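The structure appears right after this line, and notes come after that.
Protein chains in written order, with the working numbering: chain F, 663 to 837; chain P, 125 to 338.
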């Protein structure tokens, strides 16, 4: 079977480094005998590989110092490794379990959306823990609460107007 | 398949030492907590490992750090090692992967200096004759290697610069031997093309400098 030039060049690339078996080498030689372009390619490839095999600056580096003394200080004991491996084995399982529990809690739990009381105030003694959860802006400055909080907690002994009430009234009037 | 590559000189350190205790025995003892046994493995392989890493990072201290990190990982994962296989390729696989990961991270950070950085240890030694020229060629080769895609460069480094047999390269890179052979042919072809291109550029630059002097 006659070899084409593409196949021959792959074999040339392997052959120049001694990575071709005898049968393939003989086939390649037969092709090269009739193909000047592939012969030229082989000469170039041999020159390139000679350069690659040539000088190496690695020999100028001092590799005589062993890494072992430094490594010995860092080596954990086998017991520590076994303990760590046991923990590492449990870690993914625990992470999956936590994720599953979180999904279940989110899908079956109470509605997490904040309740809208129309800008009115809420008496502190009537509020449940579920309603307190979204009120994260309570402790923030007034300016932030105007934009972020829908309503605030008001002490029933000193009732005040919620901060966003005037703004809401202006909006309703279309100002 | 028998190739001429098997006749080439194999890295002495890679093969289990002909004398003394076998790698498998040392691994078994290290697994039981014998640090001296692991130390023997380190001494057996460290120079070859540092050399391989140095082909990817042109910095001796960095190569030593990466080699130490490789041995640390190997020690931590000794229980995962399959004793029916050879220790060398497993070690080099971890080392090469660690090095390539390091380079990828560095590349992502935009500090891609593989093969092109010039650390302090690169100055030519005046005591060695013709070392300047040798280093120049070596730098040129490094620059060309830098332009070859990583998957080809790794094969070229392991096979042609470090002399691992293709079967060993396949084991280190966790690929089939046929894939490695194909990549090797591609890698040599790429290197040769890039080298010719670079030679052409260098010749043009030299010619223009020559004409300017005239």
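Glycine included, every Cβ here is placed at the ideal spot set by N, Cα and C.
Remember, it's a predicted structure, so these values are computed and weren't measured experimentally.
Measuring from the CB of residue i, is there a heavy atom of the ligand ADP at a distance below 7 Å?
| i | result |
| --- | --- |
| residue 712 of chain F | With respect to the ligand ADP, the structure offers nothing, as it holds no ligand at all. |
Give me the Cα-Cα distance between residue i and residue j, rounded to the nearest whole angstrom.
| i | j | result |
| --- | --- | --- |
| residue 236 of chain P | residue 230 of chain P | Note on residue 236 of chain P: pLDDT 46, under 50, position unreliable in the model; no value is reported. |
| residue 172 of chain P | residue 667 of chain F | 38 Å |
| residue 162 of chain P | residue 296 of chain P | 20 Å |
| residue 232 of chain P | residue 225 of chain P | 10 Å |
| residue 144 of chain P | residue 699 of chain F | 52 Å |
| residue 744 of chain F | residue 205 of chain P | 14 Å |
| residue 273 of chain P | residue 670 of chain F | 23 Å |
| residue 689 of chain F | residue 674 of chain F | 11 Å |
| residue 686 of chain F | residue 692 of chain F | 10 Å |
| residue 736 of chain F | residue 294 of chain P | 31 Å |
| residue 706 of chain F | residue 318 of chain P | 12 Å |
| residue 797 of chain F | residue 746 of chain F | Only weak support is given to the placement of residue 797 of chain F: the predicted model assigns it a pLDDT of 49, under 50, and the question is left unresolved by the model. |
| residue 324 of chain P | residue 299 of chain P | 35 Å |
| residue 264 of chain P | residue 703 of chain F | 21 Å |
| residue 165 of chain P | residue 150 of chain P | 7 Å |
| residue 207 of chain P | residue 152 of chain P | 8 Å |
| residue 288 of chain P | residue 227 of chain P | 22 Å |
| residue 339 of chain P | residue 315 of chain P | Missing from the structure shown is residue 339 of chain P; chain P here goes from 125 to 338 and no further. |
| residue 321 of chain P | residue 678 of chain F | 20 Å |
| residue 768 of chain F | residue 762 of chain F | 10 Å |
| residue 765 of chain F | residue 183 of chain P | 49 Å |
| residue 733 of chain F | residue 200 of chain P | 12 Å |
| residue 305 of chain P | residue 709 of chain F | 20 Å |
| residue 665 of chain F | residue 271 of chain P | 31 Å |
| residue 170 of chain P | residue 695 of chain F | 46 Å |
| residue 195 of chain P | residue 279 of chain P | 22 Å |
| residue 729 of chain F | residue 770 of chain F | 57 Å |
| residue 160 of chain P | residue 292 of chain P | 27 Å |
| residue 266 of chain P | residue 711 of chain F | 13 Å |
| residue 727 of chain F | residue 147 of chain P | 22 Å |
| residue 193 of chain P | residue 215 of chain P | 11 Å |
| residue 202 of chain P | residue 181 of chain P | 26 Å |
| residue 211 of chain P | residue 301 of chain P | 18 Å |
Check for me: the alpha helix (DSSP H) holding residue i runs from which residue to which?
| i | result |
| --- | --- |
| residue 219 of chain P | 211 to 232 |
| residue 731 of chain F | 730 to 736 |
| residue 682 of chain F | Here residue 682 of chain F belongs to no alpha helix (DSSP H), and DSSP marks it neither H nor E. |
| residue 180 of chain P | 159 to 180 |
| residue 272 of chain P | Counting along the chain, residue 272 of chain P falls outside any alpha helix (DSSP H), and DSSP gives it neither H nor E. |
| residue 79 of chain P | Chain P is shown from 125 up to 338; residue 79 of chain P falls before or after that span and cannot be answered. |
| residue 203 of chain P | Taken as a continuous stretch (DSSP letters only), residue 203 of chain P belongs to no alpha helix (DSSP H), as it is neither H nor E. |
| residue 677 of chain F | 667 to 677 |
| residue 701 of chain F | 698 to 715 |
| residue 152 of chain P | 147 to 155 |
| residue 293 of chain P | 290 to 297 |
Run down chain F in chain order and give the residues with a C-beta less than 7 Å from the C-beta of residue i.
| i | result |
| --- | --- |
| residue 303 of chain P | Per Cβ cutoff of 7 Å: no residues; residue 303 of chain P is ~13 Å from chain F at best. |
| residue 316 of chain P | 706, 707, 710 |
| residue 309 of chain P | 672, 675, 676 |
| residue 149 of chain P | None at all; the shortest Cβ gap to chain F is about 17 Å. |
| residue 73 of chain P | It is not possible to answer for residue 73 of chain P, since the shown part of chain P is limited to 125 through 338. |
| residue 265 of chain P | 713, 714 |
| residue 188 of chain P | 729 |
| residue 209 of chain P | Within 7 Å Cβ-Cβ: nothing; residue 209 of chain P doesn't reach chain F, min ~20 Å. |
| residue 205 of chain P | Those within 7 Å of residue 205 of chain P in chain F number zero; the least Cβ separation is about 13 Å. |
| residue 180 of chain P | By Cβ distance, chain F contributes nothing, its closest Cβ being about 12 Å from residue 180 of chain P, past 7 Å. |
Please compile the residues from chain F whose C-beta is within a distance smaller than 8 Å of the C-beta of residue i.
| i | result |
| --- | --- |
| residue 192 of chain P | 729, 732, 733, 736 |
| residue 290 of chain P | 681 |
| residue 145 of chain P | Chain F residues near residue 145 of chain P: none, gap ~16 Å exceeds 8 Å. |
| residue 297 of chain P | Chain F residues near residue 297 of chain P: none, gap ~15 Å exceeds 8 Å. |
What residues of chain F sit near residue i, judged by a beta carbon separation below 9 Å?
| i | result |
| --- | --- |
| residue 157 of chain P | 739, 740, 741 |
| residue 284 of chain P | 679, 711, 714, 715 |
| residue 277 of chain P | Within chain F, no residue comes near residue 277 of chain P; the closest Cβ sits about 12 Å away, beyond 9 Å. |
Which chain P residues sit within Cβ distance under 9 Å of residue i?
| i | result |
| --- | --- |
| residue 770 of chain F | Those do not exist, as residue 770 of chain F stays about 40 Å from chain P at its closest Cβ, beyond 9 Å. |
**Study point:** Given 8 Å, three or more beta-carbon pairs between the region 152 to 167 of chain P and the region 734 to 742 of chain F
**Key:** The region 152 to 167 of chain P, when compared against the region 734 to 742 of chain F, does touch it at the 8 Å Cβ threshold.
Check your understanding: Is there contact between the region 754 to 774 of chain F and the region 212 to 228 of chain P, where contact requires at least three CB pairs shorter than 8 Å?
Key -> no
Check your understanding: Three or more C-beta pairs closer than 8 Å, one from the region 165 to 179 of chain P and one from the region 187 to 203 of chain P: is that the case here?
Key -> yes
Exercise for review: Count the C-beta pairs between the region 310 to 317 of chain P and the region 280 to 288 of chain P that are closer than 8 Å, then say yes if the count reaches three, no if not.
Suggested key: yes
Practice item. Report the residues of the region 214 to 232 of chain P with a CB closer than 9 Å to any CB of chain F, ordered along the chain. Key: none
Exercise for review: With 8 Å as the limit, tell me which residues of the region 156 to 177 of chain P have their beta carbon closer than that to any beta carbon of chain F; keep them in chain order.
Suggested key: 156, 157, 159, 162, 163, 166, 167, 170, 171, 174, 175
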